[in-house]
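Engineer: Provided herewith is a single structure, encoded as structure tokens, for subsequent inquiry.
Protein chains: 2
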Amino acid sequence: MGVTIHDVAARAGVSIKTVSRVMNAEPNVRDAVRERVRAAMTELDYIPNAGARRMASARSLLIGLFFRPQLASYITGIQLGAARQCRDRDYLLAAEPIEGRDADVPAMIERTVRRAHLDGVILVPPQSNDLDIVDLLERLQVPFVRVSPTAEPDRGASVFVDDRRGAVEATRHLIELGHRDIAFLGGPLASKGSAPRPRRDGFLDAMAEAGLPVPGSRIIYGEFTFSSGQRCADTLLGARARPTAIVAANDAMAAGVLSAAARRGLKVPDDLSVTGFDDAEIARVVSPALTTIRQPLEQIGAAAADMLLAAQPSGKLDPIRRRLDIELVVRESTAPPRP
Amino acid sequence: MGVTIHDVAARAGVSIKTVSRVMNAEPNVRDAVRERVRAAMTELDYIPNAGARRMASARSLLIGLFFRPQLASYITGIQLGAARQCRDRDYLLAAEPIEGRDADVPAMIERTVRRAHLDGVILVPPQSNDLDIVDLLERLQVPFVRVSPTAEPDRGASVFVDDRRGAVEATRHLIELGHRDIAFLGGPLASKGSAPRPRRDGFLDAMAEAGLPVPGSRIIYGEFTFSSGQRCADTLLGARARPTAIVAANDAMAAGVLSAAARRGLKVPDDLSVTGFDDAEIARVVSPALTTIRQPLEQIGAAAADMLLAAQPSGKLDPIRRRLDIELVVRESTAPPRP
DNA sequence: GTTCTAAATGACAAGCTTGTCAATTTCTTC
DNA sequence: GAAGAAATTGACAAGCTTGTCATTTAGAAC
Numbered sequence: 001m002g003v004t005i006h007d008v009a010a011r012a013g014v015s016i017k018t019v020s021r022v023m024n025a026e027p028n029v030r031d032a033v034r035e036r037v038r039a040a041m042t043e044l045d046y047i048p049n050a051g052a053r054r055m056a057s058a059r060s061l062l063i064g065l066f067f068r069p070q071l072a073s074y075i076t077g078i079q080l081g082a083a084r085q086c087r088d089r090d091y092l093l094a095a096e097p098i099e100g101r102d103a104d105v106p107a108m109i110e111r112t113v114r115r116a117h118l119d120g121v122i123l124v125p126p127q128s129n130d131l132d133i134v135d136l137l138e139r140l141q142v143p144f145v146r147v148s149p150t151a152e153p154d155r156g157a158s159v160f161v162d163d164r165r166g167a168v169e170a171t172r173h174l175i176e177l178g179h180r181d182i183a184f185l186g187g188p189l190a191s192k193g194s195a196p197r198p199r200r201d202g203f204l205d206a207m208a209e210a211g212l213p214v215p216g217s218r219i220i221y222g223e224f225t226f227s228s229g230q231r232c233a234d235t236l237l238g239a240r241a242r243p244t245a246i247v248a249a250n251d252a253m254a255a256g257v258l259s260a261a262a263r264r265g266l267k268v269p270d271d272l273s274v275t276g277f278d279d280a281e282i283a284r285v286v287s288p289a290l291t292t293i294r295q296p297l298e299q300i301g302a303a304a305a306d307m308l309l310a311a312q313p314s315g316k317l318d319p320i321r322r323r324l325d326i327e328l329v330v331r332e333s334t335a336p337p338r339p
Numbered sequence: 001m002g003v004t005i006h007d008v009a010a011r012a013g014v015s016i017k018t019v020s021r022v023m024n025a026e027p028n029v030r031d032a033v034r035e036r037v038r039a040a041m042t043e044l045d046y047i048p049n050a051g052a053r054r055m056a057s058a059r060s061l062l063i064g065l066f067f068r069p070q071l072a073s074y075i076t077g078i079q080l081g082a083a084r085q086c087r088d089r090d091y092l093l094a095a096e097p098i099e100g101r102d103a104d105v106p107a108m109i110e111r112t113v114r115r116a117h118l119d120g121v122i123l124v125p126p127q128s129n130d131l132d133i134v135d136l137l138e139r140l141q142v143p144f145v146r147v148s149p150t151a152e153p154d155r156g157a158s159v160f161v162d163d164r165r166g167a168v169e170a171t172r173h174l175i176e177l178g179h180r181d182i183a184f185l186g187g188p189l190a191s192k193g194s195a196p197r198p199r200r201d202g203f204l205d206a207m208a209e210a211g212l213p214v215p216g217s218r219i220i221y222g223e224f225t226f227s228s229g230q231r232c233a234d235t236l237l238g239a240r241a242r243p244t245a246i247v248a249a250n251d252a253m254a255a256g257v258l259s260a261a262a263r264r265g266l267k268v269p270d271d272l273s274v275t276g277f278d279d280a281e282i283a284r285v286v287s288p289a290l291t292t293i294r295q296p297l298e299q300i301g302a303a304a305a306d307m308l309l310a311a312q313p314s315g316k317l318d319p320i321r322r323r324l325d326i327e328l329v330v331r332e333s334t335a336p337p338r339p
């Protein structure tokens with residue numbers, strides 16, 4: 001308490017500027033000096049004054065992650081990966097829930113970014129597809145990474161997986177099991193503009209590849225939430241002829257399908273096969289456990305944080321696009337259709 | 001960008017100190033002046049320099065929440081409530097995952113608290129029961145709030161619910177349905193010392209009240225995780241004579257019980273009734289949905305943050321204990337036993 | 001060994017707010 | 001309306017680090 005850079009400098013017999021250089025891993029310090037300074041810092045249990053650093057460097061050592069609480073289960077893994085990465089670099093991750101209408105979100109983000117002077121922002125869906133937010137962050141000149149962007153995915157840096165191929169794999173898996181009447185349960189239709197819909201398209205690809213028809217009634221759009229999955233499944237399963245399998249665009253909706261099926265007395269996977277997407281915790285926790293497409297969520301978060309941290313201290317972030325691999329995980333919710 | 005307190009002061013025709021007072025909602029500013037300053041701040045779109053504030057006031061405007069990622073689903077609601085509260089006061093919530101052995105946790109927390117100079121810390125189970133951590137924070141003189149502490153619950157401020165009564169209510173509910181052979185699935189036995197176990201005791205209370213015997217084999221301890229719930233349920237349900245109902249000490253373990261039951265072909269609630277505790281998201285998302293004891297998790301988080309924020313800027317936090325109400329939520333996982 | 005170049009180090013100011021304490025204004029009371 | 005008390009306001013220093021730029025030291029080339 002009260003040990004400052006001056007104390008360290010005195011102890012190591014160097015100037016405060018050299019101590020500063022060592023702290024910030026700057027070049028042009030001889031190894032011997034670096035060691036001496038390090039030793040002095042340890043001996044004195046020196047903790048740099050974060051306020052002073054912030055003030056002098058105009059950095060906050062803070063990364064922000066904005067998310068919709070409804071999608072919490074998807075965000076958890078990303079947050080975890082990002083937080084770990086931040087900690088290793090003495091950064092802190094501030095996870096900010098956002099609420100209210102989409103139109104108000106940019107203002108709320110602007111407020112937080114400017115007040116806290118965030119050094120970087122991680123944008124997850126659906127914010128990563130909100131171009132107003134992208135515009136905002138570009139204007140504010142805050143480095144940001146978009147997770148799985150679909151709308152104008154080339155703007156800014158991003159981390160993503162091949163959603164389309166994931167949907168292809170899930171659908172193929174069902175086709176290989178013998179399903180022919182398969183429905184797709186997608187995320188919400190974009191309110192403004194029409195962003196690409198890779199998961200739906202992947203589903204259509206696989207169906208077309210197998211020569212299977214997809215009537216309009218077999219595609220339905222939810223909200224990525226459990227309850228919307230229940231609702232949509234009710235529509236799908238209430239029809240005279242119901243599909244034998246459902247490809248859901250995320251795990252939460254797939255879990256909703258499971259719930260709706262159970263209420264109707266349908267056995268999964270015997271009467272109905274279901275696939276999810278993400279491999280969030282919820283996929284492992286429902287019965288039957290979900291066959292799903294695993295996204296490496298923690299890695300995604302870690303990669304996003306990594307890119308942001310690599311951009312420090314200048315804050316210049318190259319618009320890198322980093323792709324991570326997905327994987328089909330077969331669990332208990334898929335089986336051949338009843339003969 | 002670049003608007004400072006001096007600009008605001010000039011515009012409002014006051015000194016910078018008065019602007020500072022208005023910003024910090026200090027008393028002794030005439031309403032007319034306060035208004036003028038506010039107007040000037042708005043007109044200039046003034047954003048205080050967080051670094052300078054931190055440096056001058058030795059406050060960071062940061063609250064920390066440390067959690068074990070395994071228990072993420074329980075934490076989500078608390079984090080949400082706390083983050084909202086923080087935002088309203090221009091504070092930021094940093095949610096830090098902790099990993100590794102219990103013995104290493106205090107050092108990791110100390111590092112983060114000191115480096116980031118956190119203005120307050122929220123401790124959730126199991127950290128809220130780790131007295132080493134409590135000692136640490138007292139030594140560091142950082143205000144902290146313990147959520148649901150059981151070990152020496154009078155140390156420090158806390159937010160809690162009546163766990164014991166919750167367990168009583170869950171158990172009574174099963175007894176009223178006609179169950180007589182009920183097992184309890186608890187959280188981990190404390191590694192050091194023997195903290196009170198209110199949920200288990202509540203279960204025992206209710207059983208005793210009804211004059212029902214509880215053989216040793218009907219009490220088993222898990223880890224509060226889904227997979228430990230599965231494992232323990234396997235033990236319980238694999239026995240020659242299995243209980244007709246299981247009271248689980250949290251929702252994740254109850255979900256594990258559901259999963260284990262399903263794998264054995266047992267129908268819930270017909271063959272087995274299950275109750276959870278918490279009413280985390282997982283309780284609503286499994287099939288059948290869990291009958292559980294609802295804790296107002298978001299309120300708990302909000303209350304904890306509230307207490308911490310109320311202690312600013314002095315950092316003196318009275319050891320208040322704040323109790324919130326619980327509620328039995330009957331869903332689909334409980335029913336009378338098969339005759 | 002000298003000269004030039006590059007690397008390493010240091011001196012010092014700047015950054016913006018809050019705390020302290022003094023000065024001024026307003027209010028109260030008689 | 002005078003005196004004293006209370007409320008309001010202001011002047012100024014302090015806080016600790018990093019950026020800038022100058023200086024010193026080490027290294028390279030001949």
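Chains A and B, in that order, are what the protein sequence lines are.
For what it's worth, the numbering used here labels the leading residue of the first sequence as 1, then goes sequentially.
For what it's worth, the numbering used here labels the leading residue of the second sequence as 1, then goes sequentially.
Ideal placement from N, C-alpha and C gives every residue a C-beta, glycine not left out.
As the structure is a computational prediction, the values presented were derived from the model and not from experiment.
DSSP on residue 61(B), reduced to helix/strand/coil?
Structural biologist: If DSSP states are grouped into helix, strand and coil, residue 61(B) belongs with coil.
Engineer: Taking the runs of the alpha helix (DSSP H) that are 4 residues or longer, which of them lie wholly in the segment 254 to 326 of chain B?
Structural biologist: As far as the segment 254 to 326 of chain B is concerned, its whole alpha helix (DSSP H) runs of at least 4 residues are 281 to 285, 297 to 310.
Engineer: Please report the residue range of the beta strand (DSSP E) in which residue 38(B) lies.
Structural biologist: Note, residue 38(B): premise wrong, no beta strand (DSSP E); alpha helix (DSSP H) at 31 to 44.
Engineer: Can you check whether the CB of residue 297(A) is closer than 7 Å to the CB of residue 77(A)?
Structural biologist: Yes. Within cutoff.
Engineer: Got a sec, what are the start and stop residues for the beta strand (DSSP E) residue 96(B) sits in?
Structural biologist: Here the beta strand (DSSP E) through residue 96(B) covers 92 to 97.
Engineer: So, with DSSP's three-state summary, where would you put residue 195(A)?
Structural biologist: DSSP places residue 195(A) in coil when its eight states are reduced to three.
Engineer: Beta carbons nearer than 8 Å to chain B: which residues of the segment 289 to 317 of chain A have them?
Structural biologist: Residues passing the 8 Å Cβ filter: 289.
Engineer: Which runs of the beta strand (DSSP E) fall wholly inside the segment 130 to 198 of chain A and span at least 3 residues, in chain order?
Structural biologist: Correct list: 144 to 147, 157 to 161, 182 to 186.
Engineer: Run the CB neighbour count on residue 28(A), radius 10 Å, all protein chains shown included, and call it buried at 16 or more, exposed below.
Structural biologist: It is exposed - the Cβ of residue 28(A) has fewer than 16 other Cβ atoms within 10 Å.
Engineer: Would you call the segment 174 to 184 of chain A in contact with the segment 240 to 255 of chain A, where contact means no fewer than 3 C-beta pairs closer than 8 Å?
Structural biologist: Yes: the two stretches touch, three or more of their Cβ pairs being nearer than 8 Å.
Engineer: Considering residue 75(B), what are the terminal residues of the alpha helix (DSSP H) in which it resides?
Structural biologist: Per DSSP, residue 75(B) belongs to the alpha helix (DSSP H) from 72 to 88.
Engineer: Let me know if residue 275(A) comes out buried or exposed under the rule of 16 or more other beta-carbons within 10 Å of its beta-carbon.
Structural biologist: When all chains shown are included, residue 275(A) counts as buried.
Engineer: Applying a beta-carbon distance threshold of less than 7 Å, which residues of chain B neighbour residue 69(A)?
Structural biologist: Here the neighbours are 80.
Engineer: With a threshold of 8 Å, are at least 3 pairs of Cβ atoms found where one atom belongs to the segment 137 to 152 of chain A and the other to the segment 282 to 291 of chain A?
Structural biologist: As far as the Cβ criterion goes, the segment 137 to 152 of chain A does not touch the segment 282 to 291 of chain A, which means the pair count is below three.
Engineer: Report the rounded CA-to-CA distance for residue 18(B) versus residue 47(B), giving the unit in angstroms.
Structural biologist: When rounded, the distance between both Cα atoms is 16 Å.
Engineer: From the beta carbon of residue 76(A), is the nearest beta carbon of chain B less than 7 Å away?
Structural biologist: Interface residue, yes.
Engineer: Have a look at the DSSP bridge pairing and note the partners of residue 66(B).
Structural biologist: Its beta-bridge partners are 96(B), 123(B).
Engineer: At a CB distance below 8 Å, what residues from the segment 211 to 233 of chain A approach chain B? Give them in sequence order.
Structural biologist: Hits within the stretch, in order: 226.
Engineer: Can the beta-carbon of residue 251(A) be found less than 7 Å from the beta-carbon of residue 208(A)?
Structural biologist: In this structure, residue 208(A) does not lie closer than 7 Å to residue 251(A) by Cβ.
Engineer: Would you say residue 117(A) reaches chain B, if we count a Cβ-Cβ gap shorter than 7 Å as a contact?
Structural biologist: Yes, residue 117(A) counts as interfacial toward chain B.
Engineer: Please return the same chain residues whose Cβ sits closer than 7 Å to the Cβ of residue 142(A), not counting the five positions on each side in sequence.
Structural biologist: 113, 118, 120, 121.
Engineer: Taking a Cβ distance cut-off of 9 Å, strictly less, list which residues of the segment 46 to 59 of chain B are near chain A, in chain order.
Structural biologist: Flagged, chain order: 47, 48, 49, 50, 51, 52, 53, 54, 55, 56, 57, 58, 59.
Engineer: Mind reading off the beta-carbon distance from residue 106(B) to residue 136(B)? Whole number of angstroms is fine, and I expect it under 8 Å.
Structural biologist: The pair is a contact, with the Cβ atoms about 5 Å apart (cut-off 8 Å).
Engineer: Name the chain B residues that come within less than 8 Å of residue 22(A), Cβ to Cβ?
Structural biologist: Within 8 Å Cβ-Cβ: nothing; residue 22(A) doesn't reach chain B, min ~16 Å.
Engineer: If we cut at 7 Å on Cβ distances, does residue 128(A) have a partner in chain B?
Structural biologist: For residue 128(A), the answer is no, since every Cβ of chain B falls outside 7 Å of its Cβ.
Engineer: Assuming residue 159(B) and residue 324(B) form a contact by the criterion Cβ under 8 Å, report the distance between their Cβ atoms to the nearest whole angstrom.
Structural biologist: So it is a contact: roughly 7 Å between Cβ atoms.
Engineer: For the 8 Å Cβ check, are there 3 or more pairs between the segment 303 to 323 of chain B and the segment 75 to 92 of chain B?
Structural biologist: Yes: the two stretches touch, three or more of their Cβ pairs being nearer than 8 Å.
Engineer: Please name the residues in the segment 128 to 143 of chain B whose beta-carbon is closer than 8 Å to at least one beta-carbon of chain A, in chain order.
Structural biologist: Against chain A - using a Cβ distance shorter than 8 Å - the segment 128 to 143 of chain B contributes no residues.
Engineer: Could you please give me the residues that DSSP links to residue 328(B) through a beta bridge?
Structural biologist: Per DSSP, 293(B).
Engineer: So if I threshold CB-CB distances at 8 Å, which residues from the segment 268 to 284 of chain A count as touching chain B?
Structural biologist: So the list reads 281, 282, 284, given in the order they occur along the chain.
Engineer: Considering only residues of the same chain and omitting the five flanking positions on each side of residue 57(B), which have a CB-CB separation below 8 Å?
Structural biologist: Hits under 8 Å: 313.
Engineer: I'd like to know whether the C-beta of residue 258(A) is nearer than 7 Å to at least one C-beta of chain B.
Structural biologist: Chain B, which has a Cβ nearer than 7 Å to the Cβ of residue 258(A), makes this yes.
Engineer: So, does the CB of residue 92(A) fall closer than 7 Å to a CB anywhere in chain B?
Structural biologist: Yes - at least one Cβ of chain B is within 7 Å of the one on residue 92(A).
Engineer: When we look at the beta-carbon of residue 330(B) and count the other beta-carbons within 10 Å, is it buried (16 or more) or exposed?
Structural biologist: Answer is exposed; the Cβ neighbour count stays below 16.
Engineer: Please confirm whether residue 33(A) has its beta-carbon closer than 7 Å to some beta-carbon of chain B.
Structural biologist: Not an interface residue.
Engineer: Do residue 74(A) and residue 280(A) have their C-beta atoms within less than 7 Å of each other?
Structural biologist: Contact flag set, yes.
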